[in-house]
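A.B. asks: Below are the structure tokens for one structure; questions will follow.
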């Protein structure tokens, strides 16, 4: 497994020219004709946002029957393993950017943490719009006196538009994602039958449903208008009320069985949601 701590070394490995700056690089794939078509796996210290066309094996990127197959966009986060094997070179653009730079400009979006198989598949209109934005940022980057602030503004504009497109994809895939919402609620309703003494959390259900935590959370929020955490907390409170009403167990015992480390944590959360302590509610 190769790891790249500089954009320059990464570019040399793939076949791109050296970047103009250490913390950001913009590549137009159409400028190259001899890129590395196979890699068993690599990681880097940078984010990559790739807009690709002319790619095969779209299933690996999460393509479904509800999506187009003309172009797509995905993110690679720092330290995330990335590998590929293709027969012909892809088209499009990518941006490599250091998390240091994004942090400096206070830029953060939920989809930065999505997995590769949670790619965004673009409609024709979205493809045209995204292509235009990448062309504009690339034209600015190629200038000898390019403005970093303008490049970051373009990045932020692209990121914002991508967020809008992901919402559209959530809607397009509604028949598929309705099943995921139902499965999440089934798993939640049976959670305490097999997971005593451990609080349920978003990561647990995301893993059960083979989704990244952020993608799962955004999907649930989009289709229920509640966060996954809110739905989980509602279940914990419902379970707590049921046990307070129908068992003679102490408050401490109930809190421990629900997964709270200390009775005070249980009482604090219960009062926050119900307006009464567990003892007051029981009376």
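In the UniProt record's numbering, the protein residues as written are 1 to 283.
By construction, the Cβ of each residue, glycine as well, lies at the ideal position given by its N, Cα and C atoms.
What does DSSP give as the partner residues of residue 3 in its beta bridges?
C.D. replies: Residue 3 pairs with 43.
A.B. asks: Give me the Cα-Cα distance between residue 102 and residue 80, rounded to the nearest whole angstrom.
C.D. replies: Answer to the nearest angstrom: the Cα atoms are 17 Å apart.
A.B. asks: Look up residue 242 in the DSSP assignment and say whether it is helix, strand or coil.
C.D. replies: Here residue 242 sits in helix by DSSP.
A.B. asks: Let me know the beta strand (DSSP E) ranges lying completely inside the stretch 47-78, each 3 residues or longer, listed in chain order.
C.D. replies: Runs of the beta strand (DSSP E) inside the stretch 47-78: 47-53 and 71-76.
A.B. asks: May I ask you to verify whether the stretch 204-221 touches the stretch 102-120, counting CB pairs closer than 8 Å and requiring at least 3?
C.D. replies: Yes, the stretch 204-221 touches the stretch 102-120.
A.B. asks: Could you check which residue in 24, 16 and 9 has the C-alpha nearest to that of residue 154?
C.D. replies: Here the closest residue by C-alpha is 24.
A.B. asks: Measuring alpha carbon to alpha carbon, tell me which of 95, 113, 108 and 162 ends up nearest residue 128.
C.D. replies: Ranking the options by Cα distance to residue 128, first place goes to 162.
A.B. asks: If we count the other Cβ atoms within 10 Å of its Cβ and call it buried at 16 or more, is residue 1 buried or exposed?
C.D. replies: When all chains shown are included, residue 1 counts as exposed.
A.B. asks: Under 8 Å by Cβ, that's how I've got residue 199 and residue 235 pegged, so tell me the actual separation to the nearest angstrom.
C.D. replies: Not confirmed; about 11 Å, so no contact.
A.B. asks: Tell me the DSSP bridge mates of residue 24?
C.D. replies: DSSP, once it has assigned bridges, lists 97 as partnering residue 24.
A.B. asks: With DSSP as the reference, please indicate the residues paired to residue 90 in a beta bridge.
C.D. replies: For residue 90, which the question treats as bridged, DSSP gives no partner whatsoever.
A.B. asks: Using the three-state DSSP reduction, which class does residue 279 fall into: helix, strand or coil?
C.D. replies: Residue 279: helix per DSSP, three-state reduction.
A.B. asks: Are the beta-carbon atoms belonging to residue 347 and residue 61 less than 7 Å from one another?
C.D. replies: Here the chain covers residues 1 to 283 and nothing more, so residue 347 does not appear.
A.B. asks: Please name the residue or residues paired with residue 121 in a DSSP beta bridge.
C.D. replies: Answer by DSSP bridge pairing, in chain order: 72.
A.B. asks: Here's the rule: buried if 16 or more other CB atoms are within 10 angstroms of the residue's CB, otherwise exposed. What is residue 130?
C.D. replies: So residue 130 counts as buried.
A.B. asks: Going by beta carbon distance, what residues of the same chain come within less than 6 Å of residue 282, once the five residues before and after it are set aside?
C.D. replies: These residues qualify, in order along the chain: 244.
A.B. asks: Should the stretch 143-157 be called in touch with the stretch 34-42, which here means at least 3 C-beta pairs below 8 Å?
C.D. replies: No: fewer than three Cβ pairs fall under 8 Å.
A.B. asks: Can you tell me whether residue 262 is helix, strand or coil according to DSSP?
C.D. replies: The answer is coil: DSSP assigns residue 262 none of H, G, I, E or B.
A.B. asks: Specify the secondary structure class of residue 83 as computed by DSSP and reduced to three states.
C.D. replies: Residue state, collapsed to three classes: strand.
A.B. asks: Rounded to whole angstroms, what's the CA-CA distance from residue 226 to residue 251? Just pull it up for me.
C.D. replies: Taking the straight line joining both Cα atoms gives about 28 Å.
A.B. asks: What's the gap between the Cα of residue 126 and the Cα of residue 164?
C.D. replies: C-alpha separation (whole angstroms): 10 Å.
A.B. asks: Taking the continuous alpha helix (DSSP H) assigned at residue 171, which residues delimit it?
C.D. replies: Its alpha helix (DSSP H) spans residues 148-172.
A.B. asks: Note the first and the last residue of the continuous alpha helix (DSSP H) segment covering residue 196.
C.D. replies: Element bounds for residue 196: n/a, residue is neither H nor E.
A.B. asks: Contact check, residue 55 vs residue 95 under 8 Å by CB: the rounded distance?
C.D. replies: Between residue 95 and residue 55 the Cβ distance is about 17 Å, and since that is not below 8 Å, they are no contact.
A.B. asks: Could you tell me which residues DSSP puts in a beta bridge with residue 38?
C.D. replies: Note: residue 38 sits in a beta bridge opposite 85.
A.B. asks: What does the alpha-carbon distance come out to for the pair residue 53 and residue 100?
C.D. replies: Their Cα atoms are separated by approximately 29 Å.
A.B. asks: Determine the direct distance from the alpha carbon of residue 170 to that of residue 65, and round the result to whole angstroms.
C.D. replies: Going by the C-alpha atoms only, they are around 13 Å apart.
A.B. asks: Can the beta-carbon of residue 51 be found closer than 7 Å to that of residue 134?
C.D. replies: In contact: residue 51 and residue 134 (Cβ atoms closer than 7 Å).
A.B. asks: Can you tell me where the alpha helix (DSSP H) holding residue 220 begins and where it ends?
C.D. replies: That run of the alpha helix (DSSP H) goes 213-224.
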